[in-house]
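Step one of this worksheet: look at the structure below.
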């Protein structure tokens, strides 16, 4: 169904307030959730139903564990991932503005950061190249294995252009964990070849997959990218595994780079826009209507929402949200 | 066949000298080629036969077009890609040593940089995280298109550990361009689904593929990574397209990051080594003998060569090299 964007925002804010978030944190989370929701990305308000995302009662103020001109390590203090990574993103932007590069890591969170394209876009809107990496729990197996050790290990980039930035995020997993959770709730099968059961057999059963492991995307190349994200979001940001190496918290990393370090920023942005035009104007395969630049599908959905003030939402999801605030 | 490593080095150096390289440049190129050859990577001495890699007679001394504390833009002056990227790598390491981060781009080359894992490994051996990106000509199509606009756009990373660094490089293409050239020479078909002919039909004919376009690996995710590499190796490093946007030179980017910016380097390296152990000890799929970490297959081949002093080489390739120096 379609509902008014501002109705959804109002209800979402109410749910967040009920979930224990002070107004400032609730606004940050709202922005991250709506970024996804208005782009048709499944990291949207669906996160609020079921177990939802209650504020951790043990949360402490965010603090800075290490600080240099170019970098910071942020202790998330068990605050929600979205609040902590937003904070880290702003810090990285500040450092890039002053010194050309900002590298900010976070630890001591163990909740979702949502669609990490959001943070990359925030960096790119300031004119910097943004790279964002997000860690999570033991969900995905290394290539050759069926034992979950990796998170789904998404990465995102944002690139400024002379128009809208190019923003892309992707899991290095063959399927998002959330896609499996959704399939289980809906009683649907998951696609073939994306997950193992606990015995290492490929499975299309969502419940078996949740008890097993997700596969990496793209074979050994995807596994290599997953390993890079794992290193950047765990050892590099000093998360705290237990004595057996199991994760007790998740980390994130955001990098902001000023193109001016290497070239004239304006010319850089014009050239990226020129590249986009060239790609979109390239000869299309017979069955392709339009060549889409990374992130463009979501941007088109967003434009529609901005034009009409309406957003698509699953009937039962909208009902569930309204139930929470009743 | 197997030959002595030092025989191969001697002949390779002679070929390079005959190709016009002064001794210093020849040593650099030898190191890059042997890195690949001794790891069973196809970016090795095969590059010296056929058209080979003669030194460009128009080459000018490498110069620095832009320089900041953290970064430099290197004008390659039409020197060979391997020499220019080696220079850039050392510069990035120097800057990382002094300031924590080094970001060095190159332009004004249009020759291969070889196996870019080599440069990433050089960074990682100094204790820094290395990221390397290499641009090239119009060989690969955007997702949805069959018109070659991208290079094969490889990326590499190097991660220090308490033992040997983890080093990985990969093309964002479904097949290396060199793999197609080899297949054509050998009269072999290329694998299904990796390339289009000039009309946009999938083809297994190597000659048709060379006249058409290589596909990206991993569908739209691979395409998004290819776009990132394209931006980092062309607009960001100020290459010089012609009036129609066609490339006249190729660029490269190397980034070195000191883990100390975020955490204790020693603990970081220990934790990465612990992660590797954990991955290698994970439950294996039924048909998997050993879980291999990215780059490990090549390292095992290298170890063998170091132990025996012998290296595998194709008979006809060894004959061809010896012909050149006769």
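Protein chains in written order, with my numbering: chain A, 1 to 326; chain B, 1001 to 1326.
Glycine is no exception: its CB is placed at the ideal position from the N, C-alpha and C atoms.
Asked	Found
Classification of residue 1 of chain A by the beta-carbon crowding that lies within 10 angstroms, buried from 16 upward	exposed
Closer than 8 Å to chain A by CB, residue 1210 of chain B	no
Under the three-state DSSP convention, the category residue 4 of chain A falls into	strand
Anticipated Cβ contact below 8 Å, residue 1282 of chain B with residue 147 of chain A, distance rounded	4 Å
Chain A contact for residue 1073 of chain B (CB, 8 Å cutoff)	yes
Residues near residue 1251 of chain B by beta carbon distance below 7 Å, same chain, minus five either side	1105, 1106, 1107, 1135, 1233, 1234, 1237 and 1239
Interface residues of chain B facing residue 146 of chain A [CB-CB closer than 7 Å]	1283 and 1285
Test: residue 1168 of chain B CB closer than 8 Å to a CB of chain A	yes
Status (buried if at least 16 other CB within 10 Å, exposed otherwise) for residue 1248 of chain B	exposed
Within chain A, partners of residue 1157 of chain B - CB distance below 7 Å	228
Min CB distance residue 235 of chain A to chain B below 8 Å	yes
Contact check, residue 302 of chain A vs residue 38 of chain A, beta carbons under 8 Å	yes
Residues near residue 133 of chain A in its chain [Cβ-Cβ closer than 6 Å; skip 5 each side]	155, 229, 232, 233 and 253
Pair within 8 Å by beta-carbon distance, residue 1175 of chain B and residue 1116 of chain B	no
Bounding residues of the alpha helix (DSSP H) (the contiguous stretch that carries residue 1299 of chain B)	1296-1308
Cα-Cα separation between residue 1255 of chain B and residue 3 of chain A, rounded to whole angstroms	46 Å
Best match in B:1029, B:1149 and B:1126 for proximity to residue 1161 of chain B [C-alpha to C-alpha]	B:1126
Cβ-based contacts, 9 Å cut-off: residues of the region 1291-1315 of chain B near chain A	1291, 1292, 1293, 1294 and 1295
Unbroken stretches of the alpha helix (DSSP H), 4 residues or longer, contained in the region 79-134 of chain A	81-99 and 117-125
Pair within 8 Å by beta-carbon distance, residue 334 of chain A and residue 5 of chain A	The first residue shown for chain A is 1 and the last is 326, placing residue 334 of chain A beyond what the model contains.
Beta strand (DSSP E) segments (min. 3 residues) lying fully within the region 1244-1273 of chain B	1250-1257
Endpoints, the beta strand (DSSP E) within which residue 1166 of chain B is located	1166-1170
Supposed contact pair residue 1064 of chain B and residue 1077 of chain B - C-beta distance, whole angstroms, cut 8 Å	With 8 Å as the limit, residue 1077 of chain B and residue 1064 of chain B do not qualify as a contact, their Cβ atoms being about 11 Å apart.
Assigned secondary structure, residue 1021 of chain B (DSSP; H/G/I helix, E/B strand, else coil)	coil
Classification of residue 244 of chain A by the beta-carbon crowding that lies within 10 angstroms, buried from 16 upward	exposed
Contact set between residue 1204 of chain B and chain A, taken where Cβ atoms lie within less than 8 Å	The contacting residues do not exist; residue 1204 of chain B stays about 17 Å from chain A at best.
Under 7 Å from the C-beta of residue 1248 of chain B: neighbouring residues of chain A	By Cβ distance, chain A contributes nothing, its closest Cβ being about 14 Å from residue 1248 of chain B, past 7 Å.
Three-way DSSP call (helix, strand, coil) for residue 142 of chain A in this model	coil
Residue 215 of chain A at chain B interface by Cβ criterion, 8 Å	no
Contact with chain A by residue 1263 of chain B, beta-carbon distance below 8 Å	yes
Short-range partners of chain A found in the region 1168-1182 of chain B, where Cβ spacing is below 7 Å	1168 and 1170
Ordered list of beta strand (DSSP E) runs contained in the region 159-217 of chain A, each at least 3 residues	166-170
Residues near residue 1183 of chain B by beta carbon distance below 8 Å, same chain, minus five either side	1189, 1190 and 1206
Whole-Å CB distance - residue 1072 of chain B paired with residue 1091 of chain B, under 8 Å assumed	5 Å
Reference residue 992 of chain B; option with closest CA among B:1158, B:1152 and B:1141	Not covered by the structure: residue 992 of chain B. The range shown for chain B is 1001 to 1326.
Reference residue 296 of chain A; option with closest CA among A:100, A:210 and A:166	A:166
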